[in-house]
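Some notes on the structure that comes next.
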């Protein structure tokens with residue numbers, strides 16, 4: 003049996019950034035990568051070249067894996083959908099949504115899934131209309147009003163010249179997005195707007211200008227935005243008065259955690275993995291990752307790829323133990339000895 007690369011490979015254009023219109027549309031339109039395991043007999047009959055291509059396809063699959071719909075994602079989807087409906091006929095004072103929490107707790111994933119779900123609904127309702135229902139950008143670090151306007155222009159692919167000031171760019175962006183029936187603007191990394199600085203205040207004013215001139219629901223995501231001072235001063239109080247807040251965080255060890263692990267385990271494409279192994283290690287995985295969905299996803303994906311590379315075709319406790327997690331998670335567990343970690347895992 004011959005397995006070819008196009009069948010099992012991962013298209014390069016799946017890596018396009020979502021901060022451009024083309025990249026965002028690919029993200030919205032492309033379904034998650036799928037992979038069907040060969041039967042044991044077919045797998046063993048592969049010649050070396052076909053085996054390499056088959057394994058490469060599985061590596062690509064596990065590098066992406068599924069996005070688990072966590073309670074946070076479900077909550078953001080529900081609240082975001084509700085706000086777009088409430089704001090539909092509003093002329094001013096539209097309500098927004100802020101998703102705030104520590105790093106690597108699923109904020110960007112949640113707002114991107116909200117944007118994707120909304121755009122797919124719009125496509126279903128208006129299949130023949132050339133709309134831009136969703137815009138996704140990140141707030142620039144050490145930014146300025148011009149940098150913020152440029153991020154929006156870059157998403158739309160607008161050509162810019164040095165003589166264009168921030169208001170020239172802003173007006174062009176607003177005109178296009180109004181004509182294109184944009185109704186959801188996603189602004190990530192909102193903690194980059196520092197209200198304690200003059201540039202931060204200017205950026206906040208400029209963002210308010212966009213929110214007033216584009217009839218859309220604005221959704222923001224950032225790291226611990228209250229601590230970063232987003233709500234300080236008059237401008238901060240205006241933002242706080244117009245937005246609903248949703249918090250993200252690490253997950254406690256409970257049924258939901260085990261359910262997320264079960265979903266990940268069911269998505270594995272390994273020939274000798276014993277079903278239920280990861281669920282039985284749920285307590286150990288919680289200890290290793292400190293309840294972080296980001297760290298859990300990395301650990302499972304890395305273990306699956308390692309199992310393909312070493313030929314074991316299964317994820318085991320020793321294999322998981324050999325894979326380092328991110329430094330932040332590792333540091334938060336620094337008070338636990340290796341022996342104590344092992345005892346927790348054995349009890350799972």
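In our numbering, the protein residues as written are 3 to 350.
Note that CB positions come from ideal geometry on N, CA and C, so glycine has one too.
Checking 8 Å against the spacing of the C-beta atoms, do residue i and residue j come in under that value?
{"i": "residue 231", "j": "residue 194", "result": "no"}
{"i": "residue 124", "j": "residue 135", "result": "yes"}
{"i": "residue 172", "j": "residue 211", "result": "yes"}
{"i": "residue 296", "j": "residue 190", "result": "no"}
{"i": "residue 86", "j": "residue 219", "result": "yes"}
{"i": "residue 88", "j": "residue 115", "result": "no"}
{"i": "residue 270", "j": "residue 306", "result": "yes"}
{"i": "residue 226", "j": "residue 108", "result": "no"}
{"i": "residue 158", "j": "residue 178", "result": "yes"}
{"i": "residue 78", "j": "residue 106", "result": "no"}
{"i": "residue 321", "j": "residue 309", "result": "yes"}
{"i": "residue 221", "j": "residue 122", "result": "no"}
{"i": "residue 147", "j": "residue 208", "result": "yes"}
{"i": "residue 133", "j": "residue 174", "result": "no"}
{"i": "residue 2", "j": "residue 300", "result": "Beyond the ends of the chain as shown, which are 3 and 350, falls residue 2; an answer cannot be given."}
{"i": "residue 192", "j": "residue 235", "result": "no"}
{"i": "residue 248", "j": "residue 101", "result": "yes"}
{"i": "residue 22", "j": "residue 120", "result": "no"}
Taking the straight line between their C-alpha atoms, what separation do you get for residue i and residue j?
{"i": "residue 117", "j": "residue 318", "result": "37 Å"}
{"i": "residue 187", "j": "residue 258", "result": "30 Å"}
{"i": "residue 302", "j": "residue 161", "result": "42 Å"}
{"i": "residue 57", "j": "residue 34", "result": "18 Å"}
{"i": "residue 167", "j": "residue 298", "result": "45 Å"}
{"i": "residue 325", "j": "residue 294", "result": "16 Å"}
{"i": "residue 59", "j": "residue 45", "result": "13 Å"}
{"i": "residue 90", "j": "residue 61", "result": "43 Å"}
{"i": "residue 140", "j": "residue 253", "result": "26 Å"}
{"i": "residue 127", "j": "residue 237", "result": "37 Å"}
{"i": "residue 70", "j": "residue 163", "result": "42 Å"}
{"i": "residue 345", "j": "residue 331", "result": "Caution is warranted here: a pLDDT of 37 is assigned to residue 345, below 50, making its placement in the model unreliable, and the coordinate value is therefore given only provisionally. Rounded to whole angstroms, residue 345 to residue 331 spans 19 Å at the Cα level."}
{"i": "residue 185", "j": "residue 255", "result": "37 Å"}
{"i": "residue 67", "j": "residue 27", "result": "20 Å"}
{"i": "residue 54", "j": "residue 48", "result": "9 Å"}
{"i": "residue 169", "j": "residue 152", "result": "11 Å"}
{"i": "residue 82", "j": "residue 92", "result": "15 Å"}
{"i": "residue 203", "j": "residue 39", "result": "54 Å"}
{"i": "residue 64", "j": "residue 36", "result": "10 Å"}
{"i": "residue 217", "j": "residue 180", "result": "7 Å"}
{"i": "residue 131", "j": "residue 17", "result": "27 Å"}
DSSP beta-bridge partners for residue i?
{"i": "residue 220", "result": "187"}
{"i": "residue 249", "result": "102"}
{"i": "residue 140", "result": "190"}
{"i": "residue 225", "result": "103"}
Run through DSSP, which three-state label would residue i get?
{"i": "residue 56", "result": "helix"}
{"i": "residue 72", "result": "coil"}
{"i": "residue 362", "result": "Given a span of 3 to 350 for the chain in the structure shown, any question on residue 362 remains unanswerable."}
{"i": "residue 114", "result": "helix"}
{"i": "residue 205", "result": "helix"}
{"i": "residue 294", "result": "coil"}
{"i": "residue 40", "result": "coil"}
{"i": "residue 64", "result": "helix"}
{"i": "residue 274", "result": "coil"}
For the pair the region 239–253 and the region 87–103, tell me if three or more CB-CB distances fall below 8 Å. yes
Are the region 264–275 and the region 304–320 in contact at 8 Å, needing three or more beta carbon pairs? yes
Does the count of Cβ pairs from the region 281–288 and the region 247–266 closer than 8 Å reach three? yes
Does the pairing of the region 195–203 with the region 222–239 give three or more beta-carbon distances under 8 Å? yes
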